[in-house]
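Notes to accompany the following structure.
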Amino acid sequence: MPEANRATARTAALALLADAVCVLAFCTVGRRSHAEGLTVAGILETAWPFLAGTAVGWLGARGWQRPTSLAPTGLVVWLSTVVIGMLLRKATSAGTAVSFVVVASLSTAILLLGWRLGARVLARR
């Protein structure tokens, strides 16, 4: 694999990992704030719908092509994370109260778009 392709693949893998860590952090904080157990199984149970949404967003945006871009990758990943995550939660009888949708939307926007904004600022230095 040529060096440029290796660097691009590495950047994409790290960006995907960053997105997954952001979703897991969101779910961990949410479980903690509701006094739910902080077990790996519990966190994954909460996170799987959002992680599925993140994966769909990556595929839809072809995130590997511009993994650190705010648009389209960041916006598509964020919206997919929230919308698909909530649809999957609804389909599995998990909570989708309006207040939760608002908090999830804002929190994941800060996390999923925030790290990309930080990367953009650092890249311009």
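For the sequence shown, the positions run -8 to 116 when this note's numbering is used. Note that beta-carbon positions come from the ideal geometry of N, C-alpha and C, so glycine has one too. Quick caveat, the model's predicted, so the values are computed rather than measured.
| Query | Result |
| --- | --- |
| By the 10 Å Cβ neighbour count, where 16 or more other Cβ atoms means buried, how is PRO58 classified, buried or exposed? | buried |
| For the segment 49 to 57 and the segment 26 to 36, state whether three or more C-beta atom pairs, one from each stretch, are separated by less than 8 Å. | no |
| Please look up how many angstroms separate the CB atoms of GLY48 and SER24, rounded, as I've assumed it's under 8 Å. | Contact doesn't hold; Cβ gap of about 25 Å is too wide. |
| For LEU42, I'd like the list of residues in its chain whose CB is within less than 7 Å of its CB, leaving aside the five on either flank, ordered along the chain. | ALA11, VAL14 |
| So for ALA88, helix, strand or coil by DSSP? | coil |
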